Structure formats: structure tokens, C-alpha cells
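Undergrad: One structure, as C-alpha cells, below. Some questions next.
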Amino acid sequence: MKKLSVSELAKLYGYSRQAIYAHINKGNLSKGSDGLIDFSEALRVFGEPQKKGSSQISVDWK
Numbered sequence: 026m027k028k029l030s031v032s033e034l035a036k037l038y039g040y041s042r043q044a045i046y047a048h049i050n051k052g053n054l055s056k057g058s059d060g061l062i063d064f065s066e067a068l069r070v071f072g073e074p075q076k077k078g079s080s081q082i083s084v085d086w087k
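Per my numbering, the sequence shown starts with residue 26, numbered consecutively.
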């Protein structure tokens, strides 16, 4: 499974790096000795990341 840095994970889920570190410090999210977070671990804690643009639907009423 893919491993992500804290910055990559924050960008993927739309959280700040500080929020990711808070989850790590609370013991909710584990980080490997290499400093990376396994994507399956992120899925367990945060669920599936939202696809970009999926939350906004544009309608042309012309």
C-alpha cells in the first residue's frame, strides 16, 4: 500500500498539517519509523478522500 508524508496526507484530505499531527499525537493515527503514514491507516481514520469537484455541481439554466 502507498505511504504518504504528513503534507501529502493533509493536502489529500484538506486538513492542516497541524491537524494531522494532532491525530498522530493523540494516538488515533500511526506513523512509521520512516515518518510516512500508510494510506490504509489514513483510510481507517479519515475514510475515503473526497474527489475534487464532486461537492460542487454546476447547472446551466439557459
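Quick reminder that beta carbons are idealized off the backbone N, C-alpha and C, glycines included. Just so we're clear, the structure is a prediction, and the values are computed from it rather than from any experiment.
1. Which partner residues does I62 have in the DSSP bridge list?
2. Using DSSP with H/G/I as helix, E/B as strand and the rest coil, what is Y38?
3. Take S30 and list the residues in its own chain whose beta-carbon comes closer than 8 Å to its own, dropping the five residues that flank it on each side.
4. DSSP state of K56, grouped into three classes?
5. Taking the straight line between their C-alpha atoms, what separation do you get for K28 and L68?
TA: On the basis of the data shown:
1. L29
2. Look at Y38 here: in three-state DSSP terms it is helix.
3. Same-chain partners within the cutoff: G60, L61, I62.
4. K56 carries a coil assignment under DSSP once its states are collapsed to helix, strand and coil.
5. Answer to the nearest angstrom: the Cα atoms are 12 Å apart.
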